[in-house]
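Asker: Pasting a structure below so you can have a look.
Below is the structure:
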């Protein structure tokens with residue numbers, strides 16, 4: 218797709234002297250395009266009438282002319298509808314108080330005050346757009362409408378500086394003030410554990426967001442605390458930054474060098490290019506363990522070291538597990554290391570319930586198909602307190618946000634989980650489900666997760682782990698792309714870069730054409 222520079226919204230911002238910007242933008246959420254998928258009924262009837270006329274004098278030439286005219290009319294009508302829809306899709310927006318809140322090598326994020334058509338704070342993500350391709354992040358975000366996914370309100374294109382042929386895409390997003398990363402880091406620095414009830418609240422909402430996007434075959438591919446926006450006042454968590462996301466298609470290869478290092482699934486380290494949405498589940502397991510421990514679960518300093526950290530905990534993968542992760546990986550030379558007990562790993566945190574260890578163990582499985590689905594994770598006993606207690610309050614005294622307003626589409630994929638997902642009062646009284654989430658999208662195949670813990674052998678902490686440095690995965694990692702060098706959220710990433718969390722270079726998936 219080439220960018221049409223004649224489009225109304227494709228121009229320099231109209232900035233007044235007091236830094237008020239006005240531009241024609243497009244509404245973020247995709248409209249219903251059913252009218253574009255079939256010609257209008259009256260044209261069909263006209264075509265039938267012209268070809269079945271009772272007049273015996275109708276010639277072949279006349280019939281051909283009539284059919285051609287009808288086709289032209291239909292095409293013109295469809296084109297007119299598309300133009301009308303495009304005009305309805307456009308809106309003039311005005312914003313001010315622009316300030317930078319995040320930046321990286323591939324773009325910048327601003328905070329702004331929207332003055333028209335509504336008055337609210339927004340985040341504007343500006344990225345360089347390749348003229349030759351559609352922007353995958355934009356395509357995906359226009360499909361998403363969920364309470365736990367950051368909302369795309371508007372988007373528009375602008376040209377670069379005078380004489381420049383560069384094109385920039387601007388995504389106008391709802392503004393969320395915090396990230397889970399910064400909240401967790403604040404607790405860690407004060408040597409306080411994040412309250413377990415908040416771990417449950419935040420992880421539950423993360424799994425709801427993953428269930429939603431996975432049901433549409435969308436894999437986020439960069440789940441980490443920095444990409445989980447949080448409003449401490451309401452307790453609402455929202456998944457953001459779809460710059461690495463992709464709609465996975467069976468049989469279509471994907472790049473393996475994706476996802477930030479600390480949260481990268483082992484099949485990616487082994488170079489698999491036919492992975493599934495289960496790589497997001499692994500990342501979510503890493504996030505949950507980090508919230509409990511107060512530090513990253515697998516803090517590898519390189520791709521190889523990342524694998525070492527994983528093996529220290531999960532033990533050496535079996536041949537069957539290796540095949541499940543990447544059947545094309547033949548360099549199977551690992552020292553035999555026994556797995557550690559998850560209960561022992563979390564033993565230093567006395568308030569960690571056993572259900573937490575069991576849930577993490579069901580998420581951090583070598584075999585991707587054995588990892589829980591997001592909906593199965595929501596139904597896990599670890600979250601029962603959210604379903605049974607009516608006295609859960611945020612630190613500010615406010616009630617928890619709505620957690621059980623599932624749409625039918627969200628539950629349709631695994632309907633057997635419904636009794637485990639909803640509070641008993643909601644199951645017995647269907648009329649209590651008055652809040653629904655729109656736009657759950659198309660369903661995917663997938664295999665339901667299991668609550669069965671893996672058959673790991675426990676080990677003492679002092680088991681010899683020598684020899685792990687000899688492990689060599691087949692995929693070498695670019696040396697210069699291990700840091701947080703691109704936009705990770707709506708917020709300033711300068712401090713986050715220093716945590717060496719292994720942020721990958723997102724230039725590969727941003728335009729959506731390399732993989």
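Numbering (my numbering), first residue to last: 218 to 732. Think of the CB as a built atom: it goes at the ideal place given N, C-alpha and C, for glycine as much as any other residue. In this text, all values refer to a predicted model and were calculated from it rather than measured experimentally.
#1: So residue 355 and residue 315 are in contact, right, with Cβ under 8 Å, and what is the actual spacing, rounded?
#2: Taking 8 Å as the line, does the beta carbon of residue 506 fall inside it for any heavy atom of the ligand ATP?
#3: So what does DSSP say about residue 188, is it helix, strand or coil?
#4: Where does residue 430 sit, in a helix, a strand or coil, going by DSSP?
#5: For residue 461, tell me which candidate among 454, 475, 455 has the shortest Cα-Cα distance.
#6: Taking just the CA atoms, how far does residue 521 sit from residue 390?
#7: Just grab the DSSP bridge partners of residue 326 for me.
#8: At the level of alpha carbons, what is the spacing between residue 378 and residue 384?
#9: Rounded to whole angstroms, what's the CA-CA distance from residue 313 to residue 330? Just pull it up for me.
#10: Would you please state the rounded distance, in angstroms, between the beta carbons of residue 366 and residue 456? I believe it to be under 8 Å.
#11: Could you check where the alpha helix (DSSP H) with residue 605 kicks off and where it finishes?
#12: With respect to the alpha helix (DSSP H) encompassing residue 525, which residues constitute its N-terminal and C-terminal limits?
#13: With a threshold of 16 other CB atoms inside 10 Å of the CB of residue 545, please say whether the residue is buried or exposed.
#14: Return the chain-ordered list of same chain residues with a C-beta closer than 8 Å to the C-beta of residue 574, the five sequence neighbours on each side being excluded.
#15: For residue 501 and residue 246, what's the separation of their Cα atoms in angstroms?
#16: Could you give the first and the last residue of the continuous beta strand (DSSP E) run that contains residue 369?
#17: Is the beta carbon of residue 454 less than 9 Å from the beta carbon of residue 617?
#18: Could you have a look at residue 732 and say whether DSSP puts it in helix, strand or coil?
#19: Put residue 307 into one of helix, strand or coil per three-state DSSP.
#20: Nearest-angstrom Cα distance between residue 499 and residue 239?
#21: Are the beta-carbon atoms belonging to residue 620 and residue 634 less than 9 Å from one another?
#22: Among the candidates 496, 411, 489, whose CA atom is the shortest distance from the CA of residue 540?
#23: Roughly how many whole angstroms lie between the Cα atoms of residue 381 and residue 346?
#24: Leaving aside the five residues before and after residue 655 along the sequence, list all residues of the same chain whose C-beta is less than 8 Å from its C-beta, in chain order.
#25: Could you check where the alpha helix (DSSP H) with residue 385 kicks off and where it finishes?
#26: So, at 6 Å on beta carbons, what are the nonlocal neighbours of residue 343 in its own chain, with the 5 sequence-adjacent residues on each side left out?
#27: For residue 412 and residue 433, what's the separation of their Cα atoms in angstroms?
#28: So, under 8 Å CB-CB, residue 487 and residue 420 are touching, yes? Tell me the CB distance rounded to an integer number of Å.
#29: Which class does residue 424 belong to by DSSP, given the choice of helix, strand or coil?
#30: In the structure shown, what three-state DSSP assignment does residue 441 receive?
#31: Considering Cα atoms alone, identify which of 592, 348, 642, 631 is closest to residue 376.
#32: Where does residue 593 sit, in a helix, a strand or coil, going by DSSP?
#33: From residue 436 to residue 479, what distance separates their C-alpha atoms?
#34: Identify whether residue 243 lies in helix, strand or coil by the three-state DSSP scheme.
Answerer: Result, derived from the coordinates:
#1: In the chain shown, counting from the first residue as 1, residue 355 sits at position 138. In the chain shown, counting from the first residue as 1, residue 315 sits at position 98. That pair is no contact at about 21 Å.
#2: The ligand ATP is not part of the structure shown, which contains no ligands of any sort.
#3: It is not possible to answer for residue 188, since the shown part of the chain is limited to 218 through 732.
#4: Along the chain shown, read from residue 1 onward, the residue named residue 430 stands at position 213. Three-state result, residue 430: helix.
#5: Counting from one through the chain shown, the residue named residue 461 turns up at place 244. The candidate whose alpha carbon is nearest that of residue 461 is 475.
#6: As a position in the chain shown, residue 390 is number 173, starting the count at 1. As a position in the chain shown, residue 521 is number 304, starting the count at 1. Approximately 37 Å, taken between the alpha carbons.
#7: For this step, residue 326 is matched to residue 109 along the chain shown. In the DSSP output, where bridge partners are listed per residue, residue 326 has 319, 342.
#8: Position 161 of the chain shown, counting from 1, holds the residue named residue 378. Position 167 of the chain shown, counting from 1, holds the residue named residue 384. Taking the straight line joining both Cα atoms gives about 10 Å.
#9: Here residue 313 refers to the residue found at position 96 of the chain shown. Here residue 330 refers to the residue found at position 113 of the chain shown. Answer to the nearest angstrom: the Cα atoms are 5 Å apart.
#10: Against the chain shown, residue 366 aligns to sequence position 149. Against the chain shown, residue 456 aligns to sequence position 239. Confirmed, about 5 Å.
#11: Indexing the chain shown from 1 puts residue 605 at position 388. First-last of the alpha helix (DSSP H) with residue 605: 601-605.
#12: Start at 1 with the first residue of the chain shown, and residue 525 comes out as number 308. Run containing residue 525: 520-531, per the alpha helix (DSSP H) assignment.
#13: Counting from one through the chain shown, the residue named residue 545 turns up at place 328. With fewer than 16 other Cβ atoms within 10 Å, it is exposed.
#14: Sequence index remark: in the chain shown, residue 574 carries index 357 (1-based). Result list for residue 574: 559, 560, 562, 563, in chain order.
#15: Here residue 501 refers to the residue found at position 284 when the chain shown is read from its first residue. Here residue 246 refers to the residue found at position 29 when the chain shown is read from its first residue. Going from the Cα of residue 501 to the Cα of residue 246 covers about 26 Å.
#16: Translated into positions along the chain shown, residue 369 becomes position 152. Start and end: 369-376.
#17: For the purposes of this step, residue 454 is taken as residue 237 along the chain shown, with counting starting at 1. For the purposes of this step, residue 617 is taken as residue 400 along the chain shown, with counting starting at 1. No, the pair does not count as a contact, with Cβ atoms beyond the cut-off.
#18: By 1-based counting over the chain shown, the position of residue 732 is 515. It is coil, neither helix nor strand.
#19: Residue 307 sits at position 90 when you count from the first residue of the chain shown. Reduced to three states, the DSSP call for residue 307 is strand.
#20: Start at 1 with the first residue of the chain shown, and residue 499 comes out as number 282. Start at 1 with the first residue of the chain shown, and residue 239 comes out as number 22. So the alpha carbons of these two residues sit roughly 43 Å apart.
#21: In the chain shown, residue 620 corresponds to position 403, counting from 1. In the chain shown, residue 634 corresponds to position 417, counting from 1. No, the Cβ-Cβ distance between residue 620 and residue 634 is not below 9 Å.
#22: Here residue 540 is taken as the residue at index 323 of the chain shown, counted from 1. Ranking the options by Cα distance to residue 540, first place goes to 489.
#23: Working through the chain shown from its first residue, we reach residue 381 at position 164. Working through the chain shown from its first residue, we reach residue 346 at position 129. The alpha-carbon atoms of residue 381 and residue 346 are separated by roughly 13 Å.
#24: One-based indexing of the chain shown puts residue 655 at position 438. At residue 655, the pLDDT of 39 sits below 50, so the modelled position is not reliable; the number obtained from the coordinates is stated separately. The residues are 362, 624.
#25: The sequence position of residue 385 within the chain shown is 168, counting from 1. No alpha helix (DSSP H) contains residue 385, which is instead part of the beta strand (DSSP E) from 384-391.
#26: Numbered from its first residue, the chain shown carries residue 343 at position 126. Once the five neighbours on either side are set aside, the close Cβ partners of residue 343 are 324, 325, 385, 387.
#27: On the chain shown, residue 412 is found 195 positions in, with the first residue counted as 1. On the chain shown, residue 433 is found 216 positions in, with the first residue counted as 1. Cα to Cα, residue 412 sits roughly 33 Å from residue 433.
#28: In the chain shown, residue 487 corresponds to position 270, counting from 1. In the chain shown, residue 420 corresponds to position 203, counting from 1. Actually they are not in contact, since the Cβ atoms of residue 487 and residue 420 sit about 27 Å apart, beyond 8 Å.
#29: For the purposes of this step, residue 424 is taken as residue 207 along the chain shown, with counting starting at 1. DSSP places residue 424 in helix when its eight states are reduced to three.
#30: Here residue 441 refers to the residue found at position 224 of the chain shown. Coil at residue 441, not helix or strand.
#31: Here residue 376 is taken as the residue at index 159 of the chain shown, counted from 1. Selected option, being the one with the closest Cα: 348.
#32: By 1-based counting over the chain shown, the position of residue 593 is 376. Reduced to three states, the DSSP call for residue 593 is helix.
#33: Against the chain shown, residue 436 aligns to sequence position 219. Against the chain shown, residue 479 aligns to sequence position 262. Cα-Cα distance, rounded: 18 Å.
#34: Mapped onto the chain shown, residue 243 falls at position 26. Note: residue 243 maps to strand in three-state DSSP.
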